[in-house]
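First comes the structure, then the notes that go with it.
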Amino acid sequence: MADPSRVVLGLGGCVDYELKLTADVLAQLVADYGIAAAELTSPVTVTSERDLVVSILGYVARGGGGEHYVASAPALELFASRFPHRVALGGTSVRAGILMSRLGVPSTLHLVSVDDTVRRLLPPDGAYLSSGVEDTLHPHLIVQYDQGLRIRADGLDITAPFPNRLIYVNDPANSTMLLSGELGDRLSRADVFLISGFNAMRSAEQLDRRLAELRVHMRRLPPGAVTYFEDAAYHEPTLNRRVLAALRDAIDVYGLNEDEMQSYLGHPVDLLSATEVADALTAMHALVPVPMLVLHTKYWAAAFGAQAASYAEALDTGTVMAALRYRHGDDFTDSDIERLRRQPRRPGSVAFAAELRARLGDRVHCVPAFALDVTNPTTVGLGDTFVGGFLAALARRGAAAATSPPPHLRSDHGR
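Positions 1 to 415 (my numbering) are the ones given, in order, by the sequence shown.
Written as structure tokens, this is what we have:
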């Protein structure tokens, strides 16, 4: 597939400052700011570097991941300056597009902000359109930490039980999410359309306008085009319901991770309990009544809905690509892909997948994750990479069989 117009990925992108936490710097910040263990809950708002450190430590203590709006852009810059950091492109759509390019599937990106860094790092085989009227730069802070990271200072002693990543954002362009007037024209030739990024918006009124505008653009999608919506942590948590209400009848595939699922359900879910996950998928499908629900986790990825097995290749490709990023970061080769495919899957995940199928039958297809032991894993962008692999498989399927898709893939509903 060589035509970038067949895949449109939106709606926003950004420049990321990626860094890995170290115990010595964090311990010094704990001492400097006088942070106590009792404070380690997520602040309602992050308005200073101290709030940022408190928020990060709270996540490290429980091995969690998340995304937050930060009221102070200088706090992000100050914290990033304390660590060596890598400049990269971010946003679900952009990371997915970069991965798809590596797999030979070019795409068209809808962006809300560009600058020379963005232009330099975008895939050369793709295309982009931007709603921004001038160059802007609002870096996102992407924080990784390893399992076993221990911070001890002034009576505080915490150890990360799992590796994970955190995202902190002050980005007016993505919070406004202007749509390009060219979007509808680009969609008129698309086989696949990714919707992501509304989680960065903070105004209900602006969000409602953007959703209405997007629906108008989506009327240009051809019959049979697949619309994939990827959920995320909303900077204003109450706004996710507005997005779902406005778009659910125009979505074919709705993707999310375990953190987002548990946020919707309001309680933790044991991801290796087939009973709990079967109940959770059923409850999520009631909350999000779309043709196909896709849940990607650190243990497995599953599709839930009619003809779920038709997504087997997409689920597996997404799982392989996310595992590659976890192990190699951006530096993987075709040989690494083939080598990984021969790796064993997690035994507990294999048993879980079989039990989940026994409980839910043909409504579910579950792909176990790989058994990986990585000393310094990459935890940034794993979900975005899964999405890229998933969509690459869908795009290839559409290119190989450009005939009428199965009924559950017809995307002309609700437009």
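Virtual Cβ for every residue (Gly too), placed ideally from N, Cα, C.
Around the beta carbon of H110, a 10 Å sphere encloses 16 or more other beta carbons of the protein chains shown; the residue is thus reported as buried. Close CB contacts of V243 within its chain, under the 6 Å cut and outside five residues either way in sequence, are with F198 (chain order). Taking one beta carbon from each stretch, the region 187-204 and the region 77-95 have 3 or more pairs nearer than 8 Å; the two touch. Excluding sequence positions up to five before and after P163, its CB lies within less than 7 Å of the CB of Y145, D146, Q147, P377 and T379, all in the same chain and listed in chain order.
For S72, there is no enclosing alpha helix (DSSP H), as DSSP gives it neither H nor E.
Counting of Cβ neighbours within 10 angstroms places H296 among the buried residues, the total reaching 16 or more.
Of A250, Q262 and L315, the smallest CA-CA separation from P289 is found for A250. Ranked by how close their Cα comes to the Cα of A306, the residues E313, Y326, L293 and G318 have L293 in first place. If you ignore the 5 residues before and after R202, its C-beta comes within less than 7 Å of the C-beta of Y69, S175, H235 and E236, all in its own chain and listed in chain order.
Between V8 and S107, the CB-CB gap stays under 8 Å. Beta-bridge analysis with DSSP links R152 to D157.
Non-local beta-carbon contacts of L271 in its own chain, meaning distances under 7 Å to residues more than five positions away in sequence, involve E258, V277, T297 and Y299 in chain order. Here H140 is buried: its Cβ has 16 or more other Cβ atoms, across all protein chains shown, within 10 Å.
Scanning A245, S113 and P268 for the CA closest to the CA of R215 turns up A245. Collapsing the DSSP output to three states places I35 in coil. In the structure shown, H138 falls within a coil segment according to DSSP collapsed to helix, strand and coil. Within the same chain, Cβ atoms closer than 6 Å to the Cβ of E313 are found at A393, the five residues on either side in sequence being excluded. Taking a cut-off of 8 Å for Cβ pairs, the region 23-37 and the region 219-239 do not touch, as fewer than three such pairs fall below it. The C-alpha of D115 is placed about 7 Å away from the C-alpha of L137.
Every alpha helix (DSSP H) of 4 residues or more that sits fully in the region 282-343 is shown, in chain order, as 312-328 and 334-341. Around the Cβ of E260, a 10 Å sphere holds 16 or more other Cβ atoms; the residue is buried. Taking each of T22, A274 and T282 in turn and checking the Cα distance to F352, the smallest one comes out for A274. Taking all protein chains shown into account, A200 has 16 or more neighbouring C-beta atoms within 10 Å of its C-beta and is therefore buried.
P172: member of the alpha helix (DSSP H) spanning P172 to T176, first to last residue. Around the beta carbon of P344, fewer than 16 other beta carbons sit within 10 angstroms, so the residue counts as exposed. If you ignore the 5 residues before and after A73, its C-beta comes within less than 6 Å of the C-beta of N170, all in its own chain and listed in chain order. Exclusion of the five residues before and after R346 leaves P368, A369 and A371 as the residues of its chain whose Cβ lies within less than 6 Å of its Cβ. CA-to-CA, the gap between V60 and D252 works out to about 35 Å. Nearest Cα to K20 within the set R6, E49, V30 and V87: V87.
The Cβ-Cβ distance between H328 and D334 does not fall below 8 Å. Exclusion of the five residues before and after G155 leaves no residue of its chain whose Cβ lies closer than 6 Å to its Cβ. In this chain, the alpha helix (DSSP H) harbouring P347 covers P347 to L360. For V60, the uninterrupted alpha helix (DSSP H) run begins and ends at E49 to R62, by DSSP. Between G12 and M284, the C-beta gap is not smaller than 8 Å, which leaves the two residues out of contact. With a contact defined as Cβ atoms closer than 8 Å, G389 and A322 qualify at about 7 Å. Rounded to the nearest angstrom, the gap between the Cα atoms of R120 and A308 is 39 Å.
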